[in-house]
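K.L.:
Counting with numbering that gives the first Met the number 0, you get residues 0 to 258 for the letters of the sequence shown.
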Amino acid sequence: MSIIPEETRQGRLAGKIIIVTGAGSGIGKATTELFREQGATVIGADLKGADHVADAGNEDDIVRLVSIAREEHGGLHGFFANAGISGGLASIFEQSVEDWQEILRVNLIGPFLAIKHAAPVIKEVGGGSIICTASVAGLRSGAGGPAYSASKAGVISLVKTAAQQLSGSNVRVNAICPGLIETGMTEYVYERARAKGVEDRLGHLNPLKRGGHPSEIAHAAMFLASDESSYVNGHALVVDGGLSSSHPFNNQSYGRTAI
Ligand code: NAD
Numbered sequence: 000m001s002i003i004p005e006e007t008r009q010g011r012l013a014g015k016i017i018i019v020t021g022a023g024s025g026i027g028k029a030t031t032e033l034f035r036e037q038g039a040t041v042i043g044a045d046l047k048g049a050d051h052v053a054d055a056g057n058e059d060d061i062v063r064l065v066s067i068a069r070e071e072h073g074g075l076h077g078f079f080a081n082a083g084i085s086g087g088l089a090s091i092f093e094q095s096v097e098d099w100q101e102i103l104r105v106n107l108i109g110p111f112l113a114i115k116h117a118a119p120v121i122k123e124v125g126g127g128s129i130i131c132t133a134s135v136a137g138l139r140s141g142a143g144g145p146a147y148s149a150s151k152a153g154v155i156s157l158v159k160t161a162a163q164q165l166s167g168s169n170v171r172v173n174a175i176c177p178g179l180i181e182t183g184m185t186e187y188v189y190e191r192a193r194a195k196g197v198e199d200r201l202g203h204l205n206p207l208k209r210g211g212h213p214s215e216i217a218h219a220a221m222f223l224a225s226d227e228s229s230y231v232n233g234h235a236l237v238v239d240g241g242l243s244s245s246h247p248f249n250n251q252s253y254g255r256t257a258i
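1) Given this structure, state the Cα-to-Cα distance separating ALA29 from ALA220, to the nearest angstrom.
2) Which value, in whole angstroms, describes the spacing of the CA atoms of SER128 and ASN173?
3) Just verifying my parser: in three-state terms, what is the DSSP assignment at GLY241?
4) Can you list the beta strand (DSSP E) stretches of 3 or more residues lying completely in the region 137-210, in chain order?
5) DSSP on PHE79, reduced to helix/strand/coil?
6) Report whether the distance from the Cβ of PRO259 to the nearest heavy atom of ligand 1 is below 7 Å.
7) Residue ranges of each beta strand (DSSP E) run of no fewer than 3 residues wholly in the region 53-107, ordered along the chain?
8) Return yes when at least one heavy atom of ligand 1 lies under 7 Å from the C-beta of LEU46, else no.
9) For ALA106, I'd like the list of residues in its chain whose CB is within less than 6 Å of its CB, leaving aside the five on either flank, ordered along the chain.
10) If you drop the 5 nearest sequence neighbours on each side, which residues of the same chain put their C-beta closer than 7 Å to that of ASP98?
11) Any heavy atom of ligand 1 closer than 7 Å to the CB of SER90?
12) Kindly indicate which residue of LYS208, THR160, HIS72, ARG209 has the alpha-carbon position closest to the one of LYS15.
13) List the residues that DSSP assigns as beta-bridge partners of ALA44.
14) Please check the pair VAL19 and ASN81, which I expect to be a contact at CB under 8 Å, by giving their CB distance rounded to whole angstroms.
15) Quick check: PHE45 and GLY27, are their CB atoms within less than 8 Å of each other?
16) Mark PHE78 as exposed unless 16 or more other C-beta atoms lie within 10 angstroms of its C-beta, in which case mark it buried.
17) What whole-angstrom Cβ distance do GLY38 and ALA13 have, given they're in contact under 8 Å?
18) On the three-state DSSP scale, how would you describe LEU276?
19) Going by DSSP in three states, SER225 sits in which element: helix, strand or coil?
20) Check SER214 in the structure and name its three-state DSSP category.
21) Decide if ASN232 is buried, meaning its Cβ has at least 16 other Cβ atoms within 10 Å, or exposed.
22) Please classify GLY10: is it buried, with 16 or more other beta-carbons within 10 angstroms of its beta-carbon, or exposed?
23) What do you reckon, are the CB atoms on ILE61 and PHE34 nearer than 8 Å?
24) Would a C-beta distance cut-off of 8 Å place ILE175 and VAL238 closer than the cut-off?
So, in structure tokens, the structure goes:
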């Protein structure tokens, strides 16, 4: 299901070979579907529910996915390093070193491995696009646990460093920072709100007054994967309904237009 009008969705990724991690659910699944609708060949990878079983934080698995693109499809134009885990909302004082290591391994080392192994192969076809899923949690506190937030801040930093280190290669590296999106990761939030009859409060802190749909992140990913974003590089694109555009405030009418 997509809430974006049908007429805007036509062949914008024709001929591109793109790897997507976390393709079995949520944002990765919606993006895989959209990329395929747009004419891309997608190598979807996940621990479960996708074409290829792969651990996004395992170097051998990433090397294998990139060689599938190269050997079986003739090259690689893009990599959407999207797989992620939240690790829950436990505080710094409740999390262990092992919790941190696993969250950083999947959420931050995963994108590092994607860039490390995909960029040289993307360069071989003349350039392309690597997109990493960060989060508004990487911008400031309040949208995830401490290790999750740190991992996503790391992804935002990583894409900037990587874009610089790929200077002259025509390989672009960008991040997407989603706000609250209804997926497997946030299912418990939505279920709890529905059970309490307060579903309309989900996303009520952003000016659009709603949570996001995976297709709305998929469309941002499509823009970054396509040649339409050919001059966008080293950027973290926030897709959060406007949530992070404001500091918290008490007066509900402050700064609001009364329409
Ligand atoms: P999701 O749980 O629906 O999908 C994540 C997918 O990643 C799952 O299919 C899972 O099996 C897979 N995965 C987890 N660990 C993996 C690993 N080691 N190797 C391969 N696959 C693995 O959640 P989602 O919301 O679609 O998450 C996608 C990305 O979006 C994540 O990076 C997440 O941090 C990010 N994000 C989500 C939200 C949100 O509100 N849902 C907000 C900001 C950022």
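Heads up, the beta-carbon is just placed ideally off N, CA and C, and yes, glycines get one too. Model, not experiment: these values are computed from the prediction.
P.N.:
So, from the data block:
1) 10 Å
2) 8 Å
3) coil
4) 170-177
5) strand
6) Any property of residue 259 remains undetermined from this structure, which presents the chain solely from 0 to 258.
7) 77-80
8) yes
9) Note that residue 106 is Asn in the sequence shown, not Ala. Result list for ASN106: GLY83, SER150, in chain order.
10) GLY86, ALA146
11) no
12) HIS72
13) THR20, HIS51
14) 6 Å
15) Reading off the sequence shown, one finds Asp at residue 45, where the question assumed Phe. A contact, by the Cβ cut-off of 8 Å.
16) buried
17) 3 Å
18) Lying outside 0 to 258, the shown extent of the chain, residue 276 is not represented and no answer is given.
19) coil
20) helix
21) buried
22) exposed
23) no
24) yes
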